[in-house]
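Single-structure report; data block below.
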């Protein structure tokens with residue numbers, strides 16, 4: 087019993103101890119861990135050679151080189167020779183930093199003229215390179231003159247120099263990975279100089295603009311203490327057409343008479359399927375409404391239709407409207423197809439795995455979204471680079487004429503309508519479906535509102551089916567494209583814009599309308615930027631609460 091009593095007191099103190107002594111668990115924890123200000127991150131260490139510019143040495147010359155850290159540190163610095171260092175040597179491969187954050191290494195130059203690099207680095211830290219040139223006959227200055235006849239915009243030249251080499255040796259690596267023991271740059275309108283070029287060995291001098299144009303020349307026979315001019319012919323890197331990804335717009339200017347004939351034929355097909363001239367529209371509408379209810383409700387619908395004379399009521403209702411459905415659609419079609427669509431827009435993307443081919447994904451045909459015009463989401467096209475920074479593209483784009491005229495009709499019908507309105511809304515308004523529901527009354531559990539909904543659903547379904555006329559009739563439209571456009575490229579010669587022309591033809595499967603030379607443009611896709619969410623506002627302090 088005494089043991090149970092002690093156990094009871096132990097549990098009581100363990101679970102309620104803080105409360106018994108007048109403080110909460112959070113307060114007790116806070117008392118154990120006093121607040122302290124956040125620790126600021128240590129500044130990033132930099133490793134710097136004290137020598138200014140490349141180090142120039144004579145053959146077998148000794149040099150003591152100093153490297154320091156900013157801010158000073160006590161880390162160990164390691165050294166290694168990179169490049170064509172021949173028989174050059176270092177007196178150590180690692181050295182500790184002194185109290186001022188500096189370390190030294192002694193280097194003996196090789197027995198032949200060359201150029202290489204001394205690298206210093208800290209384990210898991212920064213690194214730095216010091217270019218070294220060695221000559222037994224002294225040094226010369228090279229004035230490099232790039233000779234460029236291309237059309238790409240050049241703002242800066244970069245020169246890379248590799249002694250004891252030739253252009254034949256380095257050309258396969260240009261322009262991305264030009265090997266060099268000296269690299270310099272200058273604005274396009276300034277002198278491009280290489281100082282302290284070693285006299286004696288041949289020197290590969292490569293020049294590039296970004297990574298889209300490059301050239302190389304081999305220098306030899308330099309004289310110590312002189313300045314020698316060397317011309318470097320620079321050519322454009324071929325366009326990287328395999329990475330093309332642009333939003334393209336083709337101005338659409340088909341022969342107007344032929345294209346309008348296509349529109350007339352497609353419009354007639356659409357109208358005849360939606361509202362046949364030889365059939366009473368009231369009966370058609372009621373049949374379509376009945377088709378949208380269950381089999382059980384269809385019996386009740388038929389009974390009410392016969393008993394209440396719905397065909398006559400619907401016929402009189404439609405006749406009383408300001409305009410018939412067919413007449414209204416004729417007006418919308420005339421307005422929407424009065425002129426050809428102004429442009430065909432889409433995205434041109436090269437297929438990386440299949441050189442010479444790409445995909446064109448249409449987005450819009452005039453004011454009609456591409457999918458509503460019956461255009462498949464992706465079309466295979468040919469794409470190639472041509473001389474003079476030109477990209478050529480050819481292919482065929484499919485479309486359905488009745489789908490296109492339906493989209494143009496919808497655009498006219500919904501002009502000025504509230505955002506989110508549909509063609510079904512427009513048709514229901516023309517037919518006054520709400521009033522028709524009131525006139526018919528109802529059947530079974532379907533009241534006037536229910537009948538109005540059936541009216542709109544029936545008209546919408548009929549409209550959708552009518553737009554498939556071209557597909558049903560086998561009249562598949564085709565747009566043939568042959569385009570050539572000048573391209574602007576980025577730093578690595580990937581196209582970033584296009585401007586040129588195209589020609590071709592458009593057919594509805596029967597009539598052909600030629601397309602003479604028309605503009606084509608391309609720009610980088612606007613991917614948009616996601617803005618970070620705004621931080622939640624801080625809660626307002628409660629009245630009477632002390633300020634923090």
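Numbering (my numbering), first residue to last: 87 to 634.
A virtual CB, placed ideally from N, CA and C, is assigned to each residue, including glycine.
Query: For residue 199, three-class secondary structure by DSSP; Result: coil
Query: Whole runs of the beta strand (DSSP E) within the region 252 to 336, excluding any shorter than 3 residues; Result: 268 to 273, 278 to 284, 289 to 295, 299 to 305, 313 to 322
Query: Alpha helix (DSSP H) segment containing residue 416, residue limits; Result: 411 to 422
Query: Spatially closest choice to residue 254 from 483, 225, 292, 536, by CA coordinates; Result: 292
Query: Neighbourhood of residue 113 by C-beta distance below 7 Å, restricted to the same chain and skipping five residues each side; Result: Annotation note: pLDDT 47 at residue 113 (below 50); position unreliable, coordinate value reported separately. Hits under 7 Å: none found.
Query: Burial state of residue 229 (16 or more Cβ within 10 Å); Result: exposed
Query: Closest residue to residue 564 among 483, 196, 379, 281 (Cα-Cα distance); Result: 483
Query: For residue 236, the residue or residues it bridges with in DSSP; Result: Residue 236 is not bridged to any residue.
Query: CA-to-CA distance, residue 279 to residue 428, given in whole angstroms; Result: 54 Å
Query: Nearest-angstrom Cβ-Cβ length linking residue 242 and residue 272, presumed shorter than 8 Å; Result: 7 Å
Query: Within 8 Å, strictly: CB atoms of residue 447 and residue 466; Result: no
Query: Where residue 496 sits in the DSSP three-state scheme; Result: helix
Query: Enclosing beta strand (DSSP E) for residue 250 [first to last residue]; Result: No beta strand (DSSP E) holds residue 250; DSSP gives it neither H nor E.
Query: Three-way DSSP call (helix, strand, coil) for residue 578 in this model; Result: coil
Query: Inter-residue spacing [alpha-carbon to alpha-carbon] between residue 419 and residue 497; Result: 9 Å
Query: Assigned secondary structure, residue 585 (DSSP; H/G/I helix, E/B strand, else coil); Result: strand
Query: Simplified DSSP state of residue 566, which is helix, strand or coil; Result: strand
Query: Cβ-Cβ distance between residue 573 and residue 581 below 8 Å; Result: yes
Query: Bridge partners - residue 209, DSSP secondary structure assignment; Result: According to DSSP, which records beta bridges pairwise, residue 209 is partnered with nothing at all.
Query: Nearest neighbour of residue 286, chosen from 211, 349, 200, 384 [CA to CA]; Result: 200
Query: Continuous alpha helix (DSSP H) stretch holding residue 382: start and end; Result: 381 to 394
Query: Distance between residue 149 and residue 275 (C-alpha atoms, nearest Å); Result: 37 Å
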